[in-house]
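The structure under discussion appears below in the form of structure tokens.
Residue numbers (this note's numbering): 146 to 404.
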């Protein structure tokens, strides 16, 4: 289905076997308050080359943003540029400050290690001047293998009364959780699978200077700061992504899930 914001369709920009929408940050922050958003980055799009279950739910998201400076440069090189990079860690602070006085917007933070979401909630509530974050949860690592844990997570979200749920359970897993179980949480109107945003908001990891991000070197900054956590994303997935984009440019790329 086409992406929509405030009743208007968004342009799809093809990227390997997925796509991103050409959307501006300010438009998204201001007008997108119902539906499910996906912020697509290199690690995630490479998972889409192998994970059929993940691939099959892509079209269920209302808005898919370009959450990678490398991908942003790639859209330009492919001749189909998007307006800007829209990363989850940039988007969410703008979102909560924009809606800080809107009583219809309350958020549940689902993800992170024990205590991290609580720290994030405390900081965000202080910035917004109210109980903007109304609940938090740190699910077990193997939550998706435990029906009882899933039931507990769903109950916690429902009991909070939140209208927005930010899910940080790792790329692919968090999106599958949302699409599989969101019907059991009808009070949630906006779904935000934003990965490590909870860690950023807790103060556990600092963003690099803006110029590093704009020049496309945030991956190197993160790799130096967190080599063990970021090695697979930036060293294992980045070179194959660039090769795949070259194949798309030359017309050689083939969707692995289409015969």
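Think of the CB as a built atom: it goes at the ideal place given N, C-alpha and C, for glycine as much as any other residue.
DSSP places residue 336 within a strand segment (E or B) once states are collapsed to three. Following the DSSP letters along the chain, one finds residue 189 inside the alpha helix (DSSP H) bounded by residues 187 to 192. Less than 8 Å separates the beta-carbon of residue 241 from that of residue 273. A direct Cα-to-Cα measurement between residue 294 and residue 256 gives close to 13 Å. Taking 8 Å as the cut-off, the beta carbon of residue 311 is found no closer than this to the beta carbon of residue 269. Selection 280, 250, 275 and 157 evaluated against residue 263 yields 280 as nearest (Cα-Cα). Membership of residue 253 in the beta strand (DSSP E) is indicated by the continuous run 252 to 256. Counting only runs of 3+ residues, the beta strand (DSSP E) found wholly inside the segment 205 to 254 occupies 208 to 211, in chain order. Note on geometry: alpha-carbon atoms of residue 332 and residue 306 lie some 7 Å from one another.
With a contact defined as Cβ atoms closer than 8 Å, residue 209 and residue 183 qualify at about 5 Å. Going by DSSP, residue 314 is part of no beta strand (DSSP E) at all; its letter is neither H nor E.
Linking residue 402 to residue 322 through their CA atoms gives a straight-line distance of about 22 Å. Partner residues in the beta bridge of residue 159, as assigned by DSSP, are 164. Counting of Cβ neighbours within 10 angstroms places residue 346 among the buried residues, the total reaching 16 or more. In the same chain as residue 232, and ignoring 5 residues on each side of it, the C-beta atoms closer than 7 Å to its own belong to 184 and 212, in chain order. Here residue 339 is buried: its Cβ has 16 or more other Cβ atoms, across all protein chains shown, within 10 Å.
Taking the C-beta atoms as reference points, residue 161 is found nearer than 8 Å to residue 190. Its Cα nearest to that of residue 178, the residue 336 stands out among 385, 336 and 394. Checking the DSSP bridge columns, you'll see residue 309 partnered with 252 and 335. Taking C-alpha positions only, residue 188 is separated from residue 249 by approximately 34 Å.
In the structure shown, the three-state DSSP call for residue 150 is strand. If you draw a straight line from the Cα of residue 320 to the Cα of residue 304, it is about 21 Å long.
Around the Cβ of residue 243, a 10 Å sphere holds fewer than 16 other Cβ atoms; the residue is exposed. For residue 278, the enclosing beta strand (DSSP E) has its first and last residue at 278 to 282. Among the bridge pairs identified by DSSP, residue 183 is matched with 209.
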